[in-house]
Amino acid sequence: MKILAVETSCDETSAAVVEGKKDLKLLSNSISSSLPIHAKTGGIIPENAAREQLKLIIKVIDLALDQAKIKVPEKEIDKIAVTIGPGLIGSLLVGVETAKTLAFIWNKPIIPVNHLFGHIYANFINQEKKIEFPSIVLIVSGGHTDLLLMKSHSNFQWLGGTRDDAAGEAFDKIGRLLNLPYPGGPSIEKAAEKGNEKAFNFPRPMINSKDFDFSFSGLKTAVLRETLKDKNLKSKEVSDICASAQKAIIDVLIKKTILAAGKYKVKSILLSGGVAANNKLREQFKIESLKLGIPVFIPEKWLCTDNAAMIASAAYYSGKDVDFGKIDAVPDLYFD
Ligand code: KG4
Ligand code: ZN
């Protein structure tokens, strides 16, 4: 069975083809990003992102089919998967309407995929070891920070999430306060390499609360205070702030994930979302994994940020086909 997947929830336009036999095989993934346009405006203006999606979508799908050596899609593709939310509505609509049109003319079923499930399922691509359930899943993206208990492919329990900013959002907002290029996550990571993570004792909100919720807005305020004290921060100070803020975010993410792993006696931990591309976070989780004796799975870096391969993977493992006429780009709740 071959699935063509389309992802257009934000500023990446991506298409992928997977083949599902016993396991999932990634045949292609093409991706084009409008990030340089958003870097100029210091963040994403939704209409700009949607307009770029419109320009890119057909080229990106063509490329994915080409790379997968699909010559006659209506014969060789069995299903079409598409991200239906959460995301920017204008961007989502481009992918959903394109997928619906292809499904209509090729007479194929559509598999609607929640973007956040997509991030989780990036863990099921190119993995050497088999993931055993139950798992604790940490989603850390630009808009979400959530902890879930995954009992099987069809059984998820939401344990907690951020009460204010998401981890990626905290990186992005702190980056903006420090005048670093958008997006903040990779810029902070780079600046932090030369910094001292002990230089500033930033707050780690909710780190000792016994629930699985998070809060990052206090950290952003603490950084704001430092920037107000000195409007001309030197590059060493910026690096120190970045290293200290990055450490504060990582400490909280790790503490809560381990707390959940212990409580639910899980057999694996899965990391997912754009922030999971962060090297320090990856290293720290690997260290904790050895200490705990629980395998930690982290997608390859390119699979952490938005891509259609993860949408194809989610569709393959957990998707349910629906009639294309019933799909709308309405961000749905991902926990029943
Ligand atoms: O998952 P994603 O690509 O898009 C959403 O679904 O939101 O995540 C984007 C987020 C942004 O906030 C970005 O700053 C963050 O992931 N990010 C990182 C890194 N790479 C991307 N944060 C920290 N370190 C990174 N290396
Ligand atoms: Zn995402």
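Okay, so the sequence shown: first residue is 42 according to the working numbering, each after it adds one. Note that beta-carbon positions come from the ideal geometry of N, C-alpha and C, so glycine has one too.
Measure from the alpha carbon of residue i to the alpha carbon of each residue in the options, then state which is nearest.
i, options, result
"ASN320", "LYS332, ALA232, SER69 and ALA109", "ALA232"
"ILE152", "LYS120, SER182 and LEU106", "LYS120"
"SER69", "ALA80, ILE111, ILE99 and ILE78", "ILE111"
"SER354", "LEU221, ILE299, GLY159 and PRO244", "GLY159"
"LEU218", "ASP187, ASN164, LEU274 and PRO244", "LEU274"
"GLY202", "HIS194, LEU190 and SER195", "LEU190"
"LYS96", "ILE310, LEU265, ILE125 and SER74", "SER74"
"GLY209", "SER193, GLU234, GLU230 and PRO340", "GLU230"
"ARG323", "ASP292, LYS235 and GLY303", "ASP292"
"ALA122", "PHE326, ASP206, LEU76 and HIS156", "HIS156"
"TRP147", "GLU234, SER285, ALA163 and ILE118", "ILE118"
"SER195", "LYS81, PRO175, ASP187 and GLN108", "PRO175"
"ALA207", "GLN198, LYS270, GLY225 and LEU221", "GLY225"
"LYS304", "THR54, PHE253 and ALA356", "PHE253"
"SER256", "GLY136, ILE125 and ASP187", "ASP187"
"LEU76", "LYS62, PRO222, ALA163 and PHE165", "PRO222"
"TYR162", "LEU311, PHE326, LYS327 and LYS342", "LEU311"
"LYS63", "PHE197, PHE326 and LYS171", "LYS171"
"PHE394", "PRO336, LYS192, VAL316 and SER280", "No statement about residue 394 is possible, as the shown extent of the chain runs from 42 to 377 and does not include it."
"HIS79", "ALA56, ASP52 and LYS361", "ASP52"
"SER193", "ALA140, MET42, GLU173 and ALA211", "GLU173"
"GLY390", "PHE243, ALA318 and ILE125", "Outside the displayed span of the chain (42 to 377) sits residue 390, for which this structure offers no information."
"LYS66", "ILE99, ASN167 and SER55", "ASN167"
Kindly indicate which three-state DSSP category residue i falls into: helix, strand or coil?
i, result
"PRO372", "At PRO372, the pLDDT of 39 sits below 50, so the modelled position is not reliable; the number obtained from the coordinates is stated separately. If DSSP states are grouped into helix, strand and coil, PRO372 belongs with coil."
"ASN164", "helix"
"ASP187", "strand"
"PHE243", "coil"
"SER276", "helix"
"ASN320", "helix"
"LYS96", "helix"
"THR262", "helix"
"THR82", "helix"
"VAL307", "coil"
"ASN196", "strand"
"ASN89", "helix"
"GLY334", "coil"
"LYS43", "strand"
"GLY314", "coil"
"PHE255", "strand"
"PRO227", "helix"
"ASN237", "coil"
"GLU169", "coil"
"THR49", "coil"
For residue i, is the beta carbon positioned less than 7 Å from some heavy atom of ligand 1?
i, result
"PRO227", "yes"
"ASP187", "no"
"ALA318", "yes"
"ASP213", "yes"
"SER330", "no"
"GLY84", "no"
"PRO224", "yes"
"GLU230", "yes"
"GLU210", "yes"
Could you pull the start and end residues of the beta strand (DSSP E) that residue i belongs to?
i, result
"LYS66", "65-74"
"ILE111", "No beta strand (DSSP E) holds ILE111; DSSP gives it neither H nor E."
"SER55", "53-61"
"ILE125", "120-126"
"SER176", "176-181"
"PRO153", "151-155"
Would you give the residue range spanned by the alpha helix (DSSP H) that residue i belongs to?
i, result
"VAL137", "130-147"
"ALA353", "349-359"
"LEU218", "208-218"
"ASP344", "Note on identity: in this sequence residue 344 is Leu, with Asp being the wrong assignment. Taken as a continuous stretch (DSSP letters only), the alpha helix (DSSP H) holding LEU344 covers 342-345."
Using 7 Å as the cut-off, classify the Cβ of residue i as near or not near the heavy atoms of ligand 2, replying yes or no.
i, result
"ASP52", "no"
"ASP271", "no"
"GLY360", "no"
"ASP347", "yes"
"SER69", "no"
"HIS156", "yes"
"HIS160", "yes"
"SER34", "The structure shown does not extend to residue 34, since the chain is modelled only from 42 to 377, so the question has no answer here."
"GLY216", "no"
"GLY315", "yes"
Are the C-beta atoms of residue i and some chain D residue less than 8 Å apart?
i, result
"LEU106", "Of the chains in the structure shown, none is chain D; there is only one protein chain."
### Task
Evaluate the contact criterion for the region 43-52 versus the region 348-359: three or more CB pairs, one atom per stretch, below 8 Å.
yes
### Query
Are there three or more Cβ pairs, one per stretch, closer than 8 Å when the region 240-249 is compared with the region 180-195?
Because the criterion of three Cβ pairs below 8 Å is not met, the region 240-249 and the region 180-195 do not touch.
### Message
Any contact between the region 205-216 and the region 258-270? By contact I mean 3 or more CB pairs, one from each, below 8 Å.
### Response
Contact between the region 205-216 and the region 258-270 is present, with at least three C-beta pairs closer than 8 Å.
### Task
Examine the Cβ distances between the region 295-306 and the region 321-340 and report whether three or more of them are shorter than 8 Å.
yes
### Message
Count Cβ pairs between the region 84-94 and the region 125-144 that sit closer than 8 Å; are there 3 or more?
### Response
yes
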